[in-house]
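Taking the numbering used here, I'd label the letters of the sequence shown as residues 1 to 357. Glycine is no exception: its CB is placed at the ideal position from the N, C-alpha and C atoms. These numbers come from a predicted model, not from an experiment.
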Amino acid sequence: MPNYLAFASDNYAGICPEAWQAMAEANAGFVSSYGDDPWTAKACSLIRDTFETDCQVFFVFNGTAANSLALASLCQSYHSVICHELAHIETDECGAPEFFSNGTKILPATGANGKLDLAAVEQLITRRTDIHYPKPRVVSLTQATELGTLYSPAEVAATGELARRYGLRLQMDGARFANAAASLGCHPGDITWRAGVDVLCLGGAKNGMAVGEAVVFFKKELAEEFDYRCKQAGQLASKMRFLAAPWNGMLQNDAWLKRASHANHCAQSLAKRLRAVPQLEIMFPVEANAVFVSMPQALVDSLHRLGWHFYSFIGAGGARLMCSWATEESDIEALVGDIQKLAAENTEFQEHFLSWG
Ligand SMILES: *Cc1c(COP(=O)(O)O)cnc(C)c1O
Numbered sequence: 001m002p003n004y005l006a007f008a009s010d011n012y013a014g015i016c017p018e019a020w021q022a023m024a025e026a027n028a029g030f031v032s033s034y035g036d037d038p039w040t041a042k043a044c045s046l047i048r049d050t051f052e053t054d055c056q057v058f059f060v061f062n063g064t065a066a067n068s069l070a071l072a073s074l075c076q077s078y079h080s081v082i083c084h085e086l087a088h089i090e091t092d093e094c095g096a097p098e099f100f101s102n103g104t105k106i107l108p109a110t111g112a113n114g115k116l117d118l119a120a121v122e123q124l125i126t127r128r129t130d131i132h133y134p135k136p137r138v139v140s141l142t143q144a145t146e147l148g149t150l151y152s153p154a155e156v157a158a159t160g161e162l163a164r165r166y167g168l169r170l171q172m173d174g175a176r177f178a179n180a181a182a183s184l185g186c187h188p189g190d191i192t193w194r195a196g197v198d199v200l201c202l203g204g205a206k207n208g209m210a211v212g213e214a215v216v217f218f219k220k221e222l223a224e225e226f227d228y229r230c231k232q233a234g235q236l237a238s239k240m241r242f243l244a245a246p247w248n249g250m251l252q253n254d255a256w257l258k259r260a261s262h263a264n265h266c267a268q269s270l271a272k273r274l275r276a277v278p279q280l281e282i283m284f285p286v287e288a289n290a291v292f293v294s295m296p297q298a299l300v301d302s303l304h305r306l307g308w309h310f311y312s313f314i315g316a317g318g319a320r321l322m323c324s325w326a327t328e329e330s331d332i333e334a335l336v337g338d339i340q341k342l343a344a345e346n347t348e349f350q351e352h353f354l355s356w357g
């Protein structure tokens, strides 16, 4: 039977062997709690090595907490955060960034392909300077974006430059940072601190870990009392070694990049085959591990009836097909095979598509 859950989300996948092994190794008797242990120290040090800078690192349970607490630490309650209108912090965190910052307002900006248009950002920053407007304090970038596109090193640097020009901070939601770094093939530092990123929320779960994200402060002074913020928000793990250890497995021997690279290649392979089906249209450049496909609703319904899971409410609509470290070539063949079969059987899809598109 096909693996009908294979493309629903990269967090449907299990734990990759390197992360699993590292957790098993950390499962060794009695160890100090709350992060005062050798695995946590090693994970912090590996993250510093990876980024080639002396950053301050915290491990939290998920991306919503990482983003919300990072933003809260950069803002006062009367500030605002500028992000893309499709950004996870705006659409998928249930108001947590506003909640944890005691009211900091999110200001959504436009931009093609899920990427911030810097002219729109600048307009939001400059359109008001009076006391009645929530003062812009942070620009937030998502890398890779919610639509599976990427900011080039130059684009991140231009955003950093704009933020600095107006005295704003730059935060990066890197739930899929590994996919971005693997696809761009650049040094992780070149799309973060060297390009002006002050705080990175570095994703673990979608990369192949069970749970956990790292909040990486490239300016150490910004991390002051962040440990208290984590504790108060219920994000300080008592058995921290199990949140930290998987990073050791992932960062050693570049497993994080290899696993992300596999997911990216699967997305390329999937997109290539789907481009050959006339009823379909790939909606955005496929640069990371997501493929967004515009297809006739009747085809969406038929695929769902067969059992295929995928979401069509995320981002800008269309079917979102996600690849992960665990996606297999046979999964791609099975999905593409079903799509081809349905498309060939049903000329009706073609008609729907024409009238609808
Ligand atoms: C998955 C994801 C997150 C984190 O979500 P959690 O469910 O809170 O771990 C953050 N940002 C983006 C862009 C994501 O895709």
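Leaving out the 5 sequence neighbours to the left and right, which residues in its chain are closer than 6 Å to residue i when beta-carbon positions are compared?
i: residue 280; result: 274, 293 and 295
i: residue 64; result: 93 and 96
i: residue 116; result: 84 and 109
i: residue 12; result: 5
i: residue 220; result: 56
i: residue 326; result: 13
i: residue 80; result: 105, 107, 134 and 136
i: residue 9; result: 322
i: residue 16; result: 208, 259 and 325
i: residue 305; result: none
i: residue 256; result: 178, 207 and 250
i: residue 169; result: 74, 138 and 198
i: residue 361; result: Limits of the chain in this structure are 1 at one end and 357 at the other, which puts residue 361 out of reach.
Provide the residue(s) that pair with residue i in DSSP beta bridges, ordered along the chain.
i: residue 135; result: 79
i: residue 59; result: 214
i: residue 201; result: 173 and 215
i: residue 1; result: Residue 1 pairs with nothing; no bridge assigned.
i: residue 319; result: 293
i: residue 108; result: 83
i: residue 141; result: 172
Within 10 Å of its beta-carbon, does residue i have 16 or more other beta-carbons around it, so buried, or fewer, so exposed?
i: residue 318; result: buried
i: residue 357; result: Unreliable placement is indicated for residue 357, whose pLDDT of 36 sits below 50; the coordinate value is still reported in the next sentence. Counting Cβ neighbours within 10 Å, residue 357 comes out exposed, since fewer than 16 surround it.
i: residue 329; result: exposed
i: residue 52; result: exposed
i: residue 232; result: exposed
i: residue 332; result: buried
i: residue 234; result: exposed
i: residue 27; result: exposed
i: residue 77; result: exposed
i: residue 98; result: buried
i: residue 103; result: exposed
Assuming residue i contacts residue j (C-beta within less than 8 Å), just tell me the rounded distance between them.
i: residue 113; j: residue 285; result: 6 Å
i: residue 125; j: residue 156; result: Between residue 156 and residue 125 the Cβ distance is about 17 Å, and since that is not below 8 Å, they are no contact.
i: residue 172; j: residue 138; result: 11 Å between Cβ atoms; not a contact.
i: residue 33; j: residue 238; result: 5 Å
i: residue 215; j: residue 70; result: 5 Å
Give me, in chain order, the residues of the same chain whose beta-carbon lies closer than 8 Å to that of residue i; leave out the 5 immediate sequence neighbours on both sides.
i: residue 340; result: 277
i: residue 62; result: 205, 211, 212 and 213
i: residue 236; result: 34, 35, 227 and 230
i: residue 144; result: 150, 176, 177, 179, 180, 183, 287, 288, 289 and 290
Apart from the five residues just before and just after residue i, which ones in its own chain have a Cβ nearer than 7 Å to its Cβ?
i: residue 31; result: 37 and 241
i: residue 44; result: 57
Q. Is the region 42 to 61 close to the region 264 to 272, with three or more CB pairs under 8 Å?
A. Contact between the region 42 to 61 and the region 264 to 272 is not established, with fewer than three Cβ pairs separated by less than 8 Å.
(Q) Does the structure place the region 23 to 30 close enough to the region 235 to 253 that three or more beta carbon pairs sit under 8 Å? (A) With a cut-off of 8 Å, the region 23 to 30 and the region 235 to 253 count as touching, because enough Cβ pairs lie within range.
Q: Decide if the region 144 to 164 is in contact with the region 172 to 181; the criterion is three or more beta carbon pairs, one per stretch, under 8 Å apart.
A: With the cut-off at 8 Å, the region 144 to 164 and the region 172 to 181 touch.
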